[in-house]
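Just below is one structure, and these are the notes that go with it.
There are 2 protein chains.
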Amino acid sequence: MKVAKFGGSSVADAEQLEKVARIIQSDKERRIIVVSAPGKRFANDVKVTDLLINLGESYKENRQYERELSLVVERFRSIVTDLNLSDQVIDKIETEIKNIFASSEAIYSKLEALKAVGEDTLAQILSEYLTSLGMNARYLNPKDAGLILSDQPGGAQILEESFDKIYRLREYDGILVIPGFFGYTSTGKLVTFSRGGSDITGSIIAAGVKANLYENFTDVDSVYCVNPTIVNNPKEIATLTYKEMRELSYAGFSVFHAEALIPAVRAEIPVCIKNTNNPNCPGTMIVAKKEIQTGENPVVGIASDEGFMSLYISKYLMNREIGFGRRLLHILEDEGISYEHTPSGIDDMSVIMRANQMDERKERNVIKRIKAELKPDQVHVARGLALIMIVGEGMQRQIGTAYIATKALKDANVNIEMINQGSSEVSLMFGIKEEAVNAAVKSLYQAFFE
Amino acid sequence: MKVAKFGGSSVADAEQLEKVARIIQSDKERRIIVVSAPGKRFANDVKVTDLLINLGESYKENRQYERELSLVVERFRSIVTDLNLSDQVIDKIETEIKNIFASSEAIYSKLEALKAVGEDTLAQILSEYLTSLGMNARYLNPKDAGLILSDQPGGAQILEESFDKIYRLREYDGILVIPGFFGYTSTGKLVTFSRGGSDITGSIIAAGVKANLYENFTDVDSVYCVNPTIVNNPKEIATLTYKEMRELSYAGFSVFHAEALIPAVRAEIPVCIKNTNNPNCPGTMIVAKKEIQTGENPVVGIASDEGFMSLYISKYLMNREIGFGRRLLHILEDEGISYEHTPSGIDDMSVIMRANQMDERKERNVIKRIKAELKPDQVHVARGLALIMIVGEGMQRQIGTAYIATKALKDANVNIEMINQGSSEVSLMFGIKEEAVNAAVKSLYQAFFE
Numbered sequence: 001m002k003v004a005k006f007g008g009s010s011v012a013d014a015e016q017l018e019k020v021a022r023i024i025q026s027d028k029e030r031r032i033i034v035v036s037a038p039g040k041r042f043a044n045d046v047k048v049t050d051l052l053i054n055l056g057e058s059y060k061e062n063r064q065y066e067r068e069l070s071l072v073v074e075r076f077r078s079i080v081t082d083l084n085l086s087d088q089v090i091d092k093i094e095t096e097i098k099n100i101f102a103s104s105e106a107i108y109s110k111l112e113a114l115k116a117v118g119e120d121t122l123a124q125i126l127s128e129y130l131t132s133l134g135m136n137a138r139y140l141n142p143k144d145a146g147l148i149l150s151d152q153p154g155g156a157q158i159l160e161e162s163f164d165k166i167y168r169l170r171e172y173d174g175i176l177v178i179p180g181f182f183g184y185t186s187t188g189k190l191v192t193f194s195r196g197g198s199d200i201t202g203s204i205i206a207a208g209v210k211a212n213l214y215e216n217f218t219d220v221d222s223v224y225c226v227n228p229t230i231v232n233n234p235k236e237i238a239t240l241t242y243k244e245m246r247e248l249s250y251a252g253f254s255v256f257h258a259e260a261l262i263p264a265v266r267a268e269i270p271v272c273i274k275n276t277n278n279p280n281c282p283g284t285m286i287v288a289k290k291e292i293q294t295g296e297n298p299v300v301g302i303a304s305d306e307g308f309m310s311l312y313i314s315k316y317l318m319n320r321e322i323g324f325g326r327r328l329l330h331i332l333e334d335e336g337i338s339y340e341h342t343p344s345g346i347d348d349m350s351v352i353m354r355a356n357q358m359d360e361r362k363e364r365n366v367i368k369r370i371k372a373e374l375k376p377d378q379v380h381v382a383r384g385l386a387l388i389m390i391v392g393e394g395m396q397r398q399i400g401t402a403y404i405a406t407k408a409l410k411d412a413n414v415n416i417e418m419i420n421q422g423s424s425e426v427s428l429m430f431g432i433k434e435e436a437v438n439a440a441v442k443s444l445y446q447a448f449f450e
Numbered sequence: 001m002k003v004a005k006f007g008g009s010s011v012a013d014a015e016q017l018e019k020v021a022r023i024i025q026s027d028k029e030r031r032i033i034v035v036s037a038p039g040k041r042f043a044n045d046v047k048v049t050d051l052l053i054n055l056g057e058s059y060k061e062n063r064q065y066e067r068e069l070s071l072v073v074e075r076f077r078s079i080v081t082d083l084n085l086s087d088q089v090i091d092k093i094e095t096e097i098k099n100i101f102a103s104s105e106a107i108y109s110k111l112e113a114l115k116a117v118g119e120d121t122l123a124q125i126l127s128e129y130l131t132s133l134g135m136n137a138r139y140l141n142p143k144d145a146g147l148i149l150s151d152q153p154g155g156a157q158i159l160e161e162s163f164d165k166i167y168r169l170r171e172y173d174g175i176l177v178i179p180g181f182f183g184y185t186s187t188g189k190l191v192t193f194s195r196g197g198s199d200i201t202g203s204i205i206a207a208g209v210k211a212n213l214y215e216n217f218t219d220v221d222s223v224y225c226v227n228p229t230i231v232n233n234p235k236e237i238a239t240l241t242y243k244e245m246r247e248l249s250y251a252g253f254s255v256f257h258a259e260a261l262i263p264a265v266r267a268e269i270p271v272c273i274k275n276t277n278n279p280n281c282p283g284t285m286i287v288a289k290k291e292i293q294t295g296e297n298p299v300v301g302i303a304s305d306e307g308f309m310s311l312y313i314s315k316y317l318m319n320r321e322i323g324f325g326r327r328l329l330h331i332l333e334d335e336g337i338s339y340e341h342t343p344s345g346i347d348d349m350s351v352i353m354r355a356n357q358m359d360e361r362k363e364r365n366v367i368k369r370i371k372a373e374l375k376p377d378q379v380h381v382a383r384g385l386a387l388i389m390i391v392g393e394g395m396q397r398q399i400g401t402a403y404i405a406t407k408a409l410k411d412a413n414v415n416i417e418m419i420n421q422g423s424s425e426v427s428l429m430f431g432i433k434e435e436a437v438n439a440a441v442k443s444l445y446q447a448f449f450e
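Chains as they are written, first to last, in the UniProt record's numbering: chain A, 1 to 450; chain B, 1 to 450.
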């Protein structure tokens with residue numbers, strides 16, 4: 001069986017929901033459907049979840065909220081009307097929201113419950129719509145689906161015990177429509193995942209029911225092998241391993257929340273990114289392992305990201321001092337700074353980190369402590385660093401990838417500030433000056449993909 | 001003024017000492033001479049310091065030691081005779097050694113004093129010889145030279161207060177001959193440096209008197225840009241910076257003890273490695289800074305060393321865990337393991353270390369703790385790793401060095417396990433399989449030097 005998750009733009013209006021219905025209908029394996037709340041229909045449109053948050057704000061501050069409430073209701077009414085469904089569900093929304101406000105819960109719990117109304121209502125509308133088309137579909141509340149979450153409003157985590165219950169969803173015949181983004185604590189309180197949490201719900205359910213495939217329907221045909229704002233219509237990626245996706249998603253590539261995939265990754269469920277507006281396009285598969293054909297391009301993607309800095313420390317005979325590196329990292333940790341990489345020479349080491357973590361005050365503290373505690377010969381900071389990540393599991397076995405990459409950078413007249421390859425051999429990383437990123441990425445793309 | 005240090009092979013016998021005298025005579029700037037004890041005259045010869053250590057052993061174990069004693073004495077007698085010097089000094093040795101044995105000092109202090117007899121005697125012989133040649137030379141005991149050391153027999157450290165006193169050696173006219181390898185504690189007890197400590201004495205005195213040059217006379221014309229056992233008669237290095245020397249000396253290149261140079265490095269005294277047997281050869285200069293001509297080869301040397309291993313750890317979302325790397329390094333530190341490099345991907349990191357530090361028991365402990373404390377998805381160890389270090393300060397400004405290097409490795413069909421560049425940009429490091437070292441180094445040498 002397949003679990004299919006449809007994102008906000010896929011359920012933004014009746015027209016989109018018709019596409020969704022056709023997609024579900026076209027494959028009997030699509031047995032469990034997870035939906036987001038309706039997203040934007042056009043550039044300046046407002047997502048339903050944001051309408052609900054505005055409504056919550058007004059309520060919280062004891063302002064009039066009739067207008068905000070009607071915006072939510074009307075958004076759903078237009079969907080229901082265009083799909084020729086009864087408007088019972090519309091009345092239900094108003095009562096539900098009023099009940100939330102009337103309840104004796106703490107204000108933050110009320111706002112949590114309010115945020116979830118978008119997904120919950122849309123799931124009910126979709127199941128009703130599918131039924132009206134003659135499909136055997138039913139709405140299932142996350143509580144009945146078995147999603148027991150930790151009591152962390154806005155950042156809840158799935159509890160292990162949930163998975164056994166979720167597995168039993170296999171026993172249902174017909175199609176289940178489950179709202180994403182929220183679940184319930186063991187005491188029955190509604191809690192939401194972090195924003196964009198419908199991806200998390202889909203991934204949890206796919207893992208729980210041990211689906212053959214987790215389909216994530218969005219509005220792009222597939223994942224591109226390089227940032228399309230730097231290279232015009234770049235090649236699409238057919239298959240990515242989890243590892244490759246992680247290495248790419250790290251440097252600027254936002255396939256989707258890495259956390260969202262954890263349950264699917266742990267259960268080794270293959271994931272497919274597909275386009276609701278072009279369902280015949282195969283999309284991009286994300287899998288645990290893949291066969292690499294000899295002769296095949298060892299590189300699957302090139303990611304780049306700016307806004308890094310490096311902290312350089314040198315000290316004669318540094319490498320004789322056991323604990324030097326550890327003590328340096330401890331100083332950064334005390335300041336709550338996480339680092340990306342630590343390239344090192346014999347008597348020096350650099351720490352590469354995101355520059356936004358280190359304001360001037362922190363920089364002063366860190367430098368002061370390093371001087372006092374590590375007594376280095378030199379310590380200084382360089383900002384304006386960009387990282388470029390060349391990713392592909394094939395690189396492990398193929399000789400010459402580093403040669404092709406360094407040649408491309410030389411040809412683009414880019415000076416390499418830093419190279420890091422070696423751990424997994426799934427990625428080859430370069431540090432360069434931010435100004436040089438576009439030239440570097442273009443040249444690397446040509447070298448590996450043209 | 002110049003401080004000239006002559007190593008064991010340079011003072012092994014009368015013939016060598018005649019060369020030394022000519023070298024001193026040929027340059028009025030050579031005002032302070034530091035000497036080792038006589039070294040080997042031929043392959044199977046025994047160094048005087050080893051003869052003294054054997055003598056000490058016999059004495060310590062209450063064995064007959066006449067034979068060992070006579071070996072020491074005869075060694076010096078032949079030198080004195082061949083140089084036509086009076087043999088007073090010879091009688092002095094015997095009495096001195098007997099006094100050491102007769103003293104009320106603890107046994108370890110007696111052995112310390114005994115070890116120093118070789119340098120001390122040779123310094124006296126040399127000054128006498130220089131005088132016999134009409135030079136204004138005198139022997140100066142390290143105590144009178146001002147070498148006050150910490151009370152760490154066999155591993156003594158110079159005390160800061162020494163340097164002011166040493167500076168006053170400038171006031172002497174004529175040539176001072178000072179024995180290397182030992183000094184005295186503030187309470188007047190003789191203590192030695194680590195083995196090979198004459199280099200340390202020379203470097204300390206050069207720094208103390210603020211010499212224009214510290215000459216280190218050995219039996220090689222200069223430092224080679226690559227290991228001569230891998231590449232036949234490779235190019236010689238004319239000038240090295242301290243930094244370059246450190247990067248090279250690290251991976252197999254033994255110019256000399258890095259520690260020995262510290263005083264000279266801190267005082268920015270240029271060092272010259274020269275050959276006693278070929279003094280007209282300019283040798284290799286080691287300096288604080290050097291001008292890099294544009295178009296000049298940015299690489300000064302290629303070093304390689306085997307016997308490394310890597311410890312690989314991967315964990316999904318590792319980079320979100322602040323302190324992960326620090327905790328890993330702490331585990332190694334607890335086992336007394338020092339590491340060389342830590343290349344990292346987004347969800348994995350490797351620690352590169354010398355394999356001899358990690359026996360099977362330690363490996364089990366480390367892996368056990370990593371699994372228990374860091375809960376990684378994967379952890380494993382790979383041995384048989386070699387590091388190749390391409391060194392040159394010029395690499396910072398020159399684009400394309402990494403390209404030349406990776407091309408050379410590709411041409412030699414060498415797979416790159418790891419690349420590390422980035423901290424100082426004085427070196428570019430590759431990790432490869434040990435079997436591939438010779439092919440890799442030969443190919444890199446061709447690419448950069450031919």
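C-beta atoms are modelled at their ideal positions from N, C-alpha and C, and glycine is treated no differently.
Keep in mind it's a predicted model, so treat the numbers as computed, not measured.
### Task
Using 10 angstroms around the beta-carbon of Pro-263 (chain B), count the other beta-carbons present and answer buried if the total reaches 16, otherwise exposed.
buried
#### Entry: Under 7 Å (Cβ pairs) to chain B, residues found in the region 374-403 of chain A
Ile-399, Gly-400, Ala-402 and Tyr-403
### Query
Excluding the five sequence neighbours on either side, which residues of its own chain have a C-beta within less than 8 Å of the C-beta of Gln-152 (chain A), listed in chain order?
Val-191
### Task
Return the residue from the list A:Glu-425, A:Val-441, A:Leu-374 and A:Leu-387 that minimises the CA-CA distance to Lys-407 (chain A).
A:Val-441
### Message
Quick check on this structure: which residue in A:Leu-169, A:Leu-328 and A:Tyr-129 has the alpha carbon closest to the alpha carbon of Asn-365 (chain A)?
### Response
A:Leu-328
### Message
With the cut-off set at 8 Å, would you say Gly-202 (chain A) and Tyr-214 (chain A) are in Cβ contact?
### Response
At a Cβ-Cβ threshold of 8 Å, Gly-202 (chain A) and Tyr-214 (chain A) count as neighbours.
### Message
Checking the sheet assignment: what are the DSSP bridge partners for Phe-182 (chain A)?
### Response
A:Thr-192
### Query
By the 10 Å Cβ neighbour count, where 16 or more other Cβ atoms means buried, how is Tyr-65 (chain A) classified, buried or exposed?
buried
### Query
Any idea if Gln-293 (chain B) is buried or exposed, counting beta-carbon neighbours within 10 angstroms, 16 or more meaning buried?
exposed
### Message
Can you check whether the C-beta of Gln-421 (chain A) is within less than 8 Å of a C-beta belonging to chain B?
### Response
yes
#### Entry: Nonlocal neighbours in the same chain, by C-beta distance under 8 Å from Ala-436 (chain A), ignoring five residues either side
Ala-386, Ala-412, Val-414 and Asn-415
### Query
Is the distance from the Cβ of Leu-85 (chain B) to the Cβ of Ile-125 (chain B) below 8 Å?
yes
### Query
At a Cβ cut of 9 Å, what residues of the region 344-358 of chain B count as close to chain D, listed as they run along the chain?
Of the protein chains in the structure, A and B, none is chain D.
### Query
Relative to the C-alpha of Asp-377 (chain B), which residue among A:Lys-243, A:Gln-88 and A:Lys-143 is closest?
It is A:Lys-243.
### Task
Please check if any C-beta of chain A sits within less than 8 Å of the C-beta of Lys-433 (chain B).
no
### Query
When DSSP labels each residue in this structure, what does Ile-273 (chain B) get in the three-state scheme?
strand
### Query
Whose C-alpha, out of B:Asn-277, B:Ala-211 and B:Pro-228, is nearest the C-alpha of Phe-13 (chain B)?
Correcting the residue type first, residue 13 (chain B) is Asp in the shown sequence and not Phe. Closest option to Asp-13 (chain B), Cα to Cα, is B:Asn-277.
### Query
Taking just the CA atoms, how far does Glu-29 (chain A) sit from Ala-402 (chain A)?
The C-alpha of Ala-402 (chain A) lies about 43 Å from the C-alpha of Glu-29 (chain A).
### Message
Beta-carbon within less than 6 Å of Ala-238 (chain B)'s beta-carbon, same chain only, minus the 5 sequence neighbours each way: which residues are those?
### Response
So no residue of the chain qualifies.
#### Entry: Rounded separation between Ile-158 (chain A) and Ala-447 (chain B) - CA only
56 Å
#### Entry: Contact set between the region 173-207 of chain A and chain B, restricted to residues whose Cβ is under 8 Å from the partner
none
### Message
Please state the DSSP three-state secondary structure of Arg-383 (chain B).
### Response
strand
### Query
Using a Cβ-Cβ cut-off of 7 Å (strictly less than) and excluding sequence neighbours within five positions of Val-300 (chain A), which residues of its own chain qualify?
Same-chain partners within the cutoff: Cys-225, Ile-237, Leu-240, Glu-244, Val-391 and Gly-392.
### Range covered by the beta strand (DSSP E) that runs through Tyr-59 (chain B)
Note, Tyr-59 (chain B): premise wrong, no beta strand (DSSP E); alpha helix (DSSP H) at 48-60.
### Message
Output needed for Arg-369 (chain A): all residues of its chain with C-beta closer than 6 Å, excluding positions within five of it in sequence on either side, in chain order.
### Response
Ile-331
### Query
Name the chain B residues that come within less than 7 Å of Met-418 (chain A), Cβ to Cβ?
Gln-421 and Gly-422
### Message
Looking at the secondary structure, which residues open and close the beta strand (DSSP E) in which Leu-169 (chain B) lies?
### Response
Where Leu-169 (chain B) is concerned, there is no enclosing beta strand (DSSP E), given that its DSSP letter is neither H nor E.
### Message
Any beta carbon from chain A within less than 8 Å of Ile-322 (chain B)'s own beta carbon?
### Response
yes
### Query
Is the region 173-192 of chain B in contact with the region 131-145 of chain B, if contact means three or more CB pairs nearer than 8 Å?
Three or more Cβ pairs drawn from the region 173-192 of chain B and the region 131-145 of chain B lie within less than 8 Å of each other, which places the two stretches in contact.
### Query
How big is the Cα-Cα spacing for Lys-47 (chain B) and Ala-37 (chain B)?
Distance between the alpha carbons of Lys-47 (chain B) and Ala-37 (chain B) is about 8 Å.
#### Entry: Contacts that Arg-364 (chain A) makes with chain B (C-beta to C-beta distance below 9 Å)
Correct list: empty, because the minimum Cβ distance to chain B is about 21 Å.
### Buried or exposed (CB count within 10 angstroms, at least 16 for buried), Asn-356 (chain A)
exposed
### Query
What three-state label does DSSP hand Gly-202 (chain B) in the structure shown?
Three-state result, Gly-202 (chain B): helix.
### Message
Bridge partners for Gln-421 (chain B) per DSSP, in chain order?
### Response
A:Ile-419 and B:Leu-428
### Query
I think Phe-324 (chain A) touches Ile-352 (chain A), with their Cβ atoms under 8 Å apart; what is that distance to the nearest whole Å?
Not really, about 17 Å apart at Cβ, beyond 8 Å.
### Query
Where do the ends of the alpha helix (DSSP H) carrying Ala-37 (chain B) lie?
Element bounds for Ala-37 (chain B): n/a, residue is neither H nor E.
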